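Worksheet: one structure, shown below.
Numbering (the numbering used here), first residue to last: 117 to 456.
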């Protein structure tokens with residue numbers, strides 16, 4: 117496959133450019149669901165005149181259809197995108213990135229989607245779609261799946277649907293998180309995932325970070341302990357990765373702790389743990405739920421995060437060595453490789 121594409125690049129470079137352009141059009145429409153031509157042209161940084169010609173061609177092939185509400189992809193278009201994916205990944209250089217990151221950090225699988233989540237809402241949606249696909253690949257009947265909060269995790273939830281393999285699964289929040297926006301809380305995301313897939317869920321009604329006395333008191337509560345036991349017995353974890361200072365602000369960490377994080381070189385945050393550039397834990401927020409030591413016996417740990425600004429933070433968490441699957445975007449992947 118690579119050899120054929122290399123020959124095409126030399127003899128027919130325009131052909132690959134056209135293929136990439138038409139793939140991007142179809143793919144944007146797939147992720148958008150229904151989209152107008154002006155919105156699509158703006159998203160693709162393409163003039164409406166050029167887009168009109170491409171759309172007309174794709175409609176003639178039966179890959180798109182349109183009405184007053186906008187354009188949508190047909191089943192033939194959906195199947196073509198699926199068939200094209202391996203070729204497109206090689207053509208965009210994403211396969212090489214995936215293999216390089218997997219080798220550098222000892223991961224079983226890396227999935228890289230085109231674009232930069234920092235600059236494009238479309239890429240963030242695609243990151244969620246890819247994260248949902250990764251979860252579907254690894255889930256087994258009656259699994260317990262622990263999930264964290266955050267906007268990327270919310271996108272994953274939006275991309276799940278009824279599934280025979282997930283129907284008997286339990287979704288649980290990986291940790292407490294009542295200090296965040298309700299839409300981004302792990303509780304909310306666990307419940308949405310369960311409802312979308314026909315699964316079940318349990319909630320953990322505790323604050324995001326606690327004092328030691330409050331922590332010891334809550335952990336004795338039988339109902340909370342029951343949920344915590346379920347969380348710690350999960351087979352799959354799906355989690356986001358955050359920039360340390362951004363997460364500290366979002367979680368309203370006090371000024372003294374923030375200064376300590378900066379002094380210790382905190383770069384990344386996951387599960388309430390803060391990591392430095394080398395992947396060492398420099399701070400832990402007292403929280404109820406999944407602990408770092410629990411990850412060592414969990415079978416599948418899927419990290420999902422993207423955006424150029426998060427590249428170094430993602431590398432930091434990967435260096436700690438708990439993940440075996442990473443879903444990220446092209447911009448973050450390129451940054452990750454700078455910090456191998």
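All residues carry an ideal CB built from backbone N, CA and C; glycine is no exception. Small disclaimer: the values here were computed from a predicted structure and weren't measured.
Inset, instruction - Count the other CB atoms, across all protein chains shown, that sit within 10 Å of the CB of residue 228; report buried if there are 16 or more and exposed otherwise. - result: Locating residue 228 in the chain shown gives position 112, counting from the first residue. The residue in question, residue 228, is buried, as its Cβ has 16 or more Cβ neighbours within 10 Å.
Legend entry - Per-residue DSSP class, three states only, for residue 416: Stepping through the chain shown from its first residue, residue 416 is reached at position 300. Here residue 416 sits in strand by DSSP.
Inset, instruction - Over the uninterrupted alpha helix (DSSP H) stretch that includes residue 321, give me the two end residues. - result: For the purposes of this step, residue 321 is taken as residue 205 along the chain shown, with counting starting at 1. Neither: residue 321 is in no alpha helix (DSSP H) and is coded neither H nor E.
Inset, instruction - Counting only the same chain and skipping the five closest in sequence on each side, list residues whose C-beta sits under 6 Å from that of residue 400. - result: Position 284 of the chain shown, counted from the first residue, corresponds to residue 400. Once the five neighbours on either side are set aside, the close Cβ partners of residue 400 are 389.
Legend entry - Contact under 8 Å by Cβ, residue 153 with residue 168: Reading the chain shown from its first residue, position 37 is the one you call residue 153. Reading the chain shown from its first residue, position 52 is the one you call residue 168. The answer is yes: Cβ separation under 8 Å.
Inset, instruction - Within the region 124 to 183, note down every full alpha helix (DSSP H) run reaching 4 residues or more, in order along the chain. - result: Counting only runs of 4 or more, we get 129 to 148, 153 to 160, 164 to 176.
Legend entry - Cβ-Cβ separation, residue 386 to residue 433 (assumed contact under 8 Å), whole Å: Mapped onto the chain shown, residue 433 falls at position 317. Mapped onto the chain shown, residue 386 falls at position 270. About 5 Å; that satisfies the 8 Å criterion.
Inset, instruction - Taking residue 419 as the reference, give the member of 367, 307, 354 with the closest Cα. - result: By 1-based counting over the chain shown, the position of residue 419 is 303. Nearest of 367, 307, 354 to residue 419, Cα basis: 354.
Inset, instruction - For the alpha helix (DSSP H) holding residue 391, just list the boundary residues, first then last. - result: Here residue 391 refers to the residue found at position 275 of the chain shown. That residue, residue 391, is in no alpha helix (DSSP H); its beta strand (DSSP E) goes 389 to 391.
Inset, instruction - Note the first and the last residue of the continuous alpha helix (DSSP H) segment covering residue 229. - result: On the chain shown, position 113 is the one that residue 229 refers to. Run containing residue 229: none in the alpha helix (DSSP H); it sits in the beta strand (DSSP E), 225 to 229.
Inset, instruction - Classify residue 304 as buried or exposed, calling it buried when 16 or more other Cβ atoms lie within 10 Å of its own Cβ. - result: Residue mapping note: residue 304 aligns to position 188 of the chain shown, counting from 1. Residue 304 is classed as buried because its beta carbon has at least 16 other beta carbons within 10 Å across all chains shown.
Legend entry - Pick from 208, 183, 143, 198 that is closest to residue 118, judged by C-alpha positions: By one-based count along the chain shown, residue 118 stands at place 2. With distances taken between Cα atoms, residue 118 lies closest to 208.
Legend entry - Segment contact, 8 Å Cβ cut-off, at least three pairs: the region 436 to 452 with the region 212 to 223: By the criterion of at least three beta-carbon pairs nearer than 8 Å, the region 436 to 452 is in contact with the region 212 to 223.
Legend entry - Residues near residue 247 in its chain [Cβ-Cβ closer than 6 Å; skip 5 each side]: Position 131 of the chain shown, counting from 1, holds the residue named residue 247. So the list reads 272, 420, 443, once near-sequence residues are dropped.
Legend entry - Euclidean distance between Cα positions of residue 250 and residue 350: The residue you call residue 250 lines up with position 134 of the chain shown. The residue you call residue 350 lines up with position 234 of the chain shown. If you take the alpha carbons of residue 250 and residue 350, they lie about 17 Å apart.
Inset, instruction - Within 10 angstroms of the Cβ of residue 339, are there 16 or more other Cβ atoms? Answer buried if so, exposed if not. - result: The residue you call residue 339 lines up with position 223 of the chain shown. Burial call: exposed.
Inset, instruction - Give the single residue among 311, 261, 357 whose Cα lies nearest to the Cα of residue 105. - result: Examination of residue 105 is not possible in this model, given that the chain is present from 117 through 456 alone.
Inset, instruction - Following the continuous alpha helix (DSSP H) through residue 366, name the residue where it begins and the one where it ends. - result: For the purposes of this step, residue 366 is taken as the residue at position 250 of the chain shown. Run containing residue 366: 360 to 366, per the alpha helix (DSSP H) assignment.
Legend entry - residue 210 beta carbon less than 8 Å from that of residue 446: Within the chain shown, the letter at position 330 stands for residue 446. Within the chain shown, the letter at position 94 stands for residue 210. In terms of Cβ geometry, residue 446 and residue 210 form a close pair [threshold 8 Å].
Legend entry - the region 190 to 202 / the region 143 to 158 touching (three or more Cβ pairs under 8 Å): Output reads yes: the region 143 to 158 touches the region 190 to 202.
Inset, instruction - Reducing DSSP to helix, strand and coil, say where residue 446 ends up. - result: Residue mapping note: residue 446 aligns to position 330 of the chain shown, counting from 1. In this structure, residue 446 counts as helix in the three-state DSSP scheme.
Inset, instruction - Consider the Cβ of residue 414: report whether some Cβ of chain D lies at a distance smaller than 8 Å. - result: Absent from the structure is chain D; it holds one protein chain and no more.
Legend entry - Residue span of the alpha helix (DSSP H) that contains residue 338, given as start and end: As a first step, residue 338 must be located in the chain shown, where it is residue number 222. Where residue 338 is concerned, the enclosing alpha helix (DSSP H) stretches over 338 to 348.
Legend entry - Option nearest residue 362 by Cα separation, candidates 429, 298, 398: Start at 1 with the first residue of the chain shown, and residue 362 comes out as number 246. With distances taken between Cα atoms, residue 362 lies closest to 429.
Legend entry - Unbroken beta strand (DSSP E) run spanning residue 354, endpoints: As a first step, residue 354 is located in the chain shown; it is residue number 238 there, counting from the start. Following the DSSP letters along the chain, one finds residue 354 inside the beta strand (DSSP E) bounded by residues 352 to 355.
Inset, instruction - At 4 residues or longer, and completely inside the region 229 to 270: list those alpha helix (DSSP H) runs for me, N to C. - result: With a minimum length of 4 residues, the continuous alpha helix (DSSP H) runs that stay inside the region 229 to 270 are 237 to 254.
Legend entry - Option nearest residue 183 by Cα separation, candidates 170, 364, 151, 384: Translated into the one-based positions of the chain shown, residue 183 becomes position 67. Residue 183 has its Cα closest to that of 151, out of 170, 364, 151, 384.
Inset, instruction - Mind the definition here: the region 402 to 422 touches the region 175 to 194 only if three or more C-beta pairs lie below 8 Å; say whether that holds. - result: no
Inset, instruction - Determine the contact status of residue 292 and residue 405, defining contact as a CB-CB distance below 8 Å. - result: As a working note, residue 292 is residue 176 in the chain shown. As a working note, residue 405 is residue 289 in the chain shown. Yes, they are a contact pair.
Legend entry - Inter-residue Cα distance where the pair is residue 180 and residue 135: Locating residue 180 in the chain shown gives position 64, counting from the first residue. Locating residue 135 in the chain shown gives position 19, counting from the first residue. Taking the straight line from one Cα to the other gives about 16 Å.
Inset, instruction - Using only alpha-carbon positions, find the residue among 438, 437, 431, 436 that is nearest to residue 456. - result: Numbered from its first residue, the chain shown carries residue 456 at position 340. The residue from 438, 437, 431, 436 with its alpha-carbon nearest to that of residue 456 is 431.
Inset, instruction - Over the uninterrupted beta strand (DSSP E) stretch that includes residue 189, give me the two end residues. - result: Taking the first residue of the chain shown as position 1, residue 189 is located at position 73. Segment 186 to 189, the beta strand (DSSP E) holding residue 189.
Legend entry - Neighbour-count burial assignment, residue 266, 16 or more Cβ in a 10 Å radius: In the chain shown, counting from the first residue as 1, residue 266 sits at position 150. The residue in question, residue 266, is buried, as its Cβ has 16 or more Cβ neighbours within 10 Å.
Legend entry - Supposed contact pair residue 438 and residue 416 - C-beta distance, whole angstroms, cut 8 Å: Working through the chain shown from its first residue, we reach residue 416 at position 300. Working through the chain shown from its first residue, we reach residue 438 at position 322. With a Cβ gap of about 11 Å, residue 416 and residue 438 do not count as contacting.
Inset, instruction - Return the CA-CA distance between residue 307 and residue 252, expressed in angstroms with no decimal places. - result: Taking the chain shown and counting its residues from 1, one reaches residue 307 at position 191. Taking the chain shown and counting its residues from 1, one reaches residue 252 at position 136. Straight-line Cα distance between these residues: approximately 17 Å.
Inset, instruction - Compute the distance between the beta-carbons of residue 312 and residue 286, then report whether it is under 8 Å. - result: Translated into the one-based positions of the chain shown, residue 312 becomes position 196. Translated into the one-based positions of the chain shown, residue 286 becomes position 170. For residue 312 and residue 286, no; Cβs fall outside 8 Å.
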